[in-house]
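Participant: Chains as they are written, first to last, in the numbering used here: chain Y, 2 to 418; chain F, 2 to 418.
Cβ coordinates follow ideal geometry from the N, Cα and C atoms, glycine included.
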C-alpha cells in the first residue's frame, strides 16, 4: 500500500456515513450516503422548497442544476465544461443518444446518396442487458420489421468487437466496464477504429465514472452516458448523466425531446426548436431533491485525483484477489487478472454463489450477485480500507470452509439480487 | 362557503408547511411541502440509505415504490389498482404511451390489410407545448420525413377537436386542462367519439390530477400521464405517473423500454421481454429520494373526498373572480366563466401581466405568468383559505391602482416565468 494515499483516503472516508462494522463492497451498485448529501437535501427541503416554493427555480438556481451537476461530473470523466448534463436515468439517456446517433447517420446518408445506408447497431454480449433492451426498443420502433430491411442490433462476443466494426455499422454501442467481471474495453482504440470507417460511438460509463480515470475528450467518444448512484454516490436512483461531444452538440437530434431542451422553454412556442447546446438532451422538469443529493455527493471529489483513486483501487483489488485465492481455492476468478484490464471490481465464480453472497451479507460483508454464478465485489478507495478488504476475505473463507451458505434461508431469492 | 368543508380543509392545511403571511396561488405549478414528506425523506436517508445501503431495495421495498405510489395516485384519478405507475417525468411518460399507441395502431393496420394506415396524431393548440414537442420528436424519428408519407401532428383549435376526429387519426393526444386558462376538455365525450372511429386516446392530466375528480376508468381513456409536483405536492421535479387501460397493459409496446419493465429484470437475459402488466412502462432505476417525498405527500389525501375538493375549489375560484372583477376592472377574465368548464385555476389577461405578477410576488401573493399576457392563479383547497383569496384580490387591486408594477425591477424577466 502506498502510504501517501492512506492520509488522502482516511480523510475522504470521514465524508461518508458507514454503519459500524460493515465491510461495504457494493459501492459499484449503490454508493453509501455522503454526509454532505444528507445536509444538502435537508437544506433544499427546509430552506428552499418549504419557504421559496415556486421561487426556488430562480432564487435557488434549481433550473440550472442539470448543467451545474453535469459540470462537476465532466471533470471526473475527462470532458469539457458544458458537455455533460445530469438528467433522467441511464436508460433514458442511452435512448436519447442512440436515437440521435442513428439520426446523424441517416442524415449523412441522405446528404451523400452514393454511400450505403448504415442500419447496424453493434454491441457485445457483455453489455449490460438493459442497454441491449433500450436498443431493441428503439430499433423495433424505427423499423427492424418483418421485411428485413430495417435496423439490426448485432451482438458479438466482447473480444470480437474490434473486428466486427465495418462500414455497415451506424453506431458502436458499448459499456466500457463489463458489469459482471469488470473487464475494460479500450475506449480510445475502439473509438479510433470506429471513426476510421465512419461509425459513431456511444459509451456507457456506468461502472467507470468515479471508478478510474475516464478520458472522454481525448478518446474521441461521440456520446456517453453514466450512472449517478454507483461510484458517484448520488443516492438510490440518482439522476444519470449524458455527454455529447461538443462538435455534435448543435447537430444531435434525439427522438425523445421536451421543453427543458427547447431553445426558449418559457416562450411556450408550439414548435420544438432544440437548444444549440447539450441542453437539448434535457426533456422534462429536473428532479430537484434527487439532484440535490447528487450535487452534494460530487463535492466529495474536490481535491481528489482520480489517478490516486485508481492506484489505491488496484492495491485493494490485488490484495483481495491474493487473499481469496489463498484462502478460498474453490472460487474461480472471473475478472481479468491484469489489473489494467479491469475497472474497480473483482468477481469470482461459484455454483452456489447466490447463497454464499447471502451468507456473507448476513455477516456484514456486502457484495452482490449476478446470475448465474457470479459474486461481485466493488472496490471504492474513497471509503474502503485495506483492513476491511482482508476482513472480507477472511469472512468469505469461513463461510465456504464451514459451508455456512448451505441453508434454506440463504437460497431463497430476493426480489433484487 | 359550505361550512362542512371548513373543518375538513382546516385539518388538511395543518399537514403542510406554509410560510407565514404568504398567499400561495401557485400550487398548480409547484405544491408546497407536506410535513410528512420532510419526515419521510429524512427517514429514507437516515434509516434506509445510510444503514441498509444496497439492501434497501429489498428490505425497505424501494423496488416496489413505482407500483405502491402508482396505486395511491390511481385512487385520485379513477383508475383501478395496478393500472398506474409512478416513474420518470410527464414528458418521458408521454413519449412512452404515445409511441405505444402508435404501435398498436400500426399493428392493427398490419393485421387488417383492408384498413388504411392511420398516420395522424391529433392535438390542439391549447395543449401544453411540451406535449407537442414530445410528439414532434417522436414523429420526426418515426418518419414524418420529406416524402410526406409519414406521420403528421395535426393541430386544431381546442373547440374544433371533436369535429376533427376521423378515421385518418391514429391517436388523439390532449391535455384535459388548458395550462393557460384552466379550460376543461370533456374527456369522456371526446374519448367516446375517438373510439367510435377507431382512434386511441392519450390524456395529459397535469393540471387535473388532484385538482378535480378524474374518471379515467369510466371515461374509457386508453392512456394517460400526469404530474407529481403540482396538485399532488410531491416536490420540485417529483416523479410523474402513467396510466395504461388494463385491457392494453399486455399489448402496449413503447419505443422506450428498459430493465425495470422486463418480465424478469434480474435474470439479465439478452433479449427484452416486456412484463405482462403496466410494469412495462418502467425503464430505469426508480429515483428513491424523490419517490419517497411523493409517497408521503400522497397520504395527505387519506380520507379526503375529491368531490369536496372540487366543491371548495369552485367556491374559492368564484370568490376570486367576483372580487377581482369588482376591484380590478382593467383585467380580462381568460378562464371559462362557467366553473364546470374549468379546472382549479383562474387566469386574467393584462398587457403588463408579467410585471404585475412580479409586484404581487414581492407582496407575498404568489401566482405565475404565461406568455404573452396571462396571470395564473391556482386554487388548492387542501391548504388555501377563503380569507387568503380575498386578501390576494385586495393586494392585486393595490398593485394595479397604484401602478406598483411599473418599475424596472418587475419588468426584468426571470429565467423561469
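Quick check on residue 110 of chain Y: does DSSP put it in helix, strand or coil?
Facilitator: Note: residue 110 of chain Y maps to helix in three-state DSSP.
Participant: Kindly indicate the opening and closing residues of the beta strand (DSSP E) around residue 204 of chain F.
Facilitator: Counting along the chain, the beta strand (DSSP E) containing residue 204 of chain F begins and ends at 201-205.
Participant: Over the uninterrupted alpha helix (DSSP H) stretch that includes residue 68 of chain F, give me the two end residues.
Facilitator: Element bounds for residue 68 of chain F: 66-77.
Participant: So, helix, strand or coil for residue 116 of chain F, using DSSP?
Facilitator: The answer is coil: DSSP assigns residue 116 of chain F none of H, G, I, E or B.
Participant: For the segment 31-55 of chain F, enumerate the residues whose C-beta is nearer than 8 angstroms to any C-beta of chain Y, in chain order.
Facilitator: Under the 8 angstroms Cβ criterion, the segment 31-55 of chain F contributes 31, 33, 34, 38, 39, 42, 43, 46, 47, 50, 51, 52, 54 and 55.
Participant: Just to confirm my understanding: we take residue 376 of chain F, look at its own chain, exclude 5 residues before and 5 after, and list those with CB closer than 7 angstroms. What are they?
Facilitator: Taken in chain order, the residues that qualify are 348, 349, 351, 354, 357, 358, 368 and 370.
Participant: Residue ranges of each alpha helix (DSSP H) run of no fewer than 4 residues wholly in the segment 12-52 of chain Y, ordered along the chain?
Facilitator: With a minimum length of 4 residues, the continuous alpha helix (DSSP H) runs that stay inside the segment 12-52 of chain Y are 36-44.
Participant: Any C-beta of chain Y sitting closer than 8 angstroms to the C-beta of residue 408 of chain F?
Facilitator: Not an interface residue.
Participant: Nearest-angstrom Cα distance between residue 419 of chain Y and residue 399 of chain F?
Facilitator: Here chain Y has residues from 2 to 418 only, and residue 419 of chain Y is not among them.
Participant: To the nearest angstrom, how far is it from the Cα of residue 79 of chain F to the Cα of residue 223 of chain F?
Facilitator: C-alpha separation (whole angstroms): 13 angstroms.
Participant: With three or more beta-carbon pairs closer than 8 angstroms as the criterion, would you say the segment 250-257 of chain Y touches the segment 314-333 of chain Y?
Facilitator: No, the segment 250-257 of chain Y does not touch the segment 314-333 of chain Y.
Participant: Could you please give me the residues that DSSP links to residue 225 of chain Y through a beta bridge?
Facilitator: The partner list for residue 225 of chain Y (beta bridge, DSSP) reads Y/204 and Y/244.
Participant: Following the continuous alpha helix (DSSP H) through residue 413 of chain F, name the residue where it begins and the one where it ends.
Facilitator: Here residue 413 of chain F belongs to no alpha helix (DSSP H), and DSSP marks it neither H nor E.
Participant: Looking at chain F, which residues of the segment 79-111 of chain Y have a Cβ within less than 8 angstroms of any of its Cβ atoms?
Facilitator: Of all residues in the segment 79-111 of chain Y, 89, 90, 91, 92, 93, 96, 100 and 104 have a Cβ within less than 8 angstroms of some Cβ in chain F.
Participant: Kindly give me the distance between the Cβ atoms of residue 343 of chain F and residue 181 of chain F, rounded to whole angstroms, as I take these residues to be in contact under 8 angstroms.
Facilitator: Not a contact, Cβ separation roughly 11 angstroms.
Participant: Kindly list, in the order they appear in chain F, the residues whose Cβ is closer than 8 angstroms to that of residue 349 of chain Y.
Facilitator: Neighbours of residue 349 of chain Y on chain F: none; closest Cβ ~17 angstroms, over 8 angstroms.
Participant: With a threshold of 16 other CB atoms inside 10 Å of the CB of residue 413 of chain Y, please say whether the residue is buried or exposed.
Facilitator: That one is exposed.
Participant: At a Cβ threshold of 8 angstroms, is residue 149 of chain Y touching chain F?
Facilitator: Its pLDDT being 44, under 50, residue 149 of chain Y is placed unreliably in this model, and the value from its coordinates should be taken loosely. Not closer than 8 angstroms to any Cβ of chain F, the Cβ of residue 149 of chain Y fails to qualify, so no.
Participant: When you compare only the Cα positions, how much space is there between residue 46 of chain Y and residue 242 of chain F?
Facilitator: Going from the Cα of residue 46 of chain Y to the Cα of residue 242 of chain F covers about 22 angstroms.
Participant: Chain Y beta carbons: is any one of them nearer than 8 angstroms to that of residue 289 of chain F?
Facilitator: Chain Y, which has a Cβ nearer than 8 angstroms to the Cβ of residue 289 of chain F, makes this yes.
Participant: Excluding the 5 residues preceding and the 5 following residue 17 of chain F in the sequence, name in chain order all residues of the same chain whose CB lies nearer than 6 angstroms to its CB.
Facilitator: Answer for residue 17 of chain F: 33, 35 and 384, listed in chain order.
Participant: Within 10 angstroms of its Cβ, does residue 214 of chain Y collect 16 or more other Cβ (buried), or is it exposed?
Facilitator: When all chains shown are included, residue 214 of chain Y counts as exposed.
Participant: Could you please give the first and the last residue of the uninterrupted beta strand (DSSP E) stretch that includes residue 309 of chain Y?
Facilitator: Counting along the chain, residue 309 of chain Y falls outside any beta strand (DSSP E), though it belongs to the alpha helix (DSSP H) covering 307-328.
Participant: Measure the C-alpha to C-alpha separation of residue 362 of chain Y and residue 55 of chain F and round it to an integer number of angstroms.
Facilitator: About 10 angstroms.
Participant: So residue 244 of chain Y and residue 237 of chain Y are supposed to be a Cβ contact under 8 angstroms. How far apart are they, rounded?
Facilitator: In fact, because the Cβ distance is near 23 angstroms, the residues do not count as touching under 8 angstroms.
Participant: Could you check the C-alpha separation between residue 337 of chain Y and residue 186 of chain Y for me, to the nearest Å?
Facilitator: For residue 337 of chain Y and residue 186 of chain Y, the distance between alpha carbons rounds to 12 angstroms.
Participant: What is the rounded straight-line gap between the Cα of residue 302 of chain F and the Cα of residue 10 of chain F?
Facilitator: Cα to Cα, residue 302 of chain F sits roughly 11 angstroms from residue 10 of chain F.
Participant: Of all the residues that make up the segment 244-271 of chain F, which are near chain Y by a beta-carbon distance shorter than 9 angstroms?
Facilitator: Against chain Y - using a Cβ distance shorter than 9 angstroms - the residues of the segment 244-271 of chain F are 254, 255, 256, 257, 258, 259, 260, 261, 262, 263, 266, 267, 268, 269, 270 and 271.
Participant: Distance, Cα to Cα, residue 146 of chain F vs residue 239 of chain F?
Facilitator: Because the pLDDT of residue 146 of chain F is 44, which lies under 50, any placement of that residue in the model is unreliable, and the question is left without a value.
Participant: By the DSSP assignment, the alpha helix (DSSP H) with residue 358 of chain Y in it spans what residues?
Facilitator: Run containing residue 358 of chain Y: 354-363, per the alpha helix (DSSP H) assignment.
Participant: Please determine, among Y/119, Y/194, Y/30 and Y/249, the residue with the shortest C-alpha to C-alpha distance to residue 169 of chain Y.
Facilitator: Residue Y/119 is the option with its Cα nearest to residue 169 of chain Y.
Participant: Using the beta-carbon of each residue, which ones in chain F are nearer than 8 angstroms to residue 64 of chain Y?
Facilitator: Chain F residues near residue 64 of chain Y: 416 and 417.
Participant: For residue 116 of chain Y and residue 179 of chain Y, I'd like the C-alpha separation in whole angstroms.
Facilitator: Whole-angstrom Cα-Cα distance: 34 angstroms.
Participant: If you drop the 5 nearest sequence neighbours on each side, which residues of the same chain put their C-beta closer than 6 angstroms to that of residue 294 of chain Y?
Facilitator: Closer than 6 angstroms at the Cβ level, and outside the excluded window around residue 294 of chain Y, lie 38, 42, 235 and 236.
Participant: Compare the C-beta of residue 352 of chain F against all C-beta atoms of chain Y and say whether one is closer than 8 angstroms.
Facilitator: Not closer than 8 angstroms to any Cβ of chain Y, the Cβ of residue 352 of chain F fails to qualify, so no.
Participant: Helix, strand or coil for residue 404 of chain Y per DSSP?
Facilitator: Of the three classes helix, strand and coil, the one that applies to residue 404 of chain Y here is coil, per DSSP.
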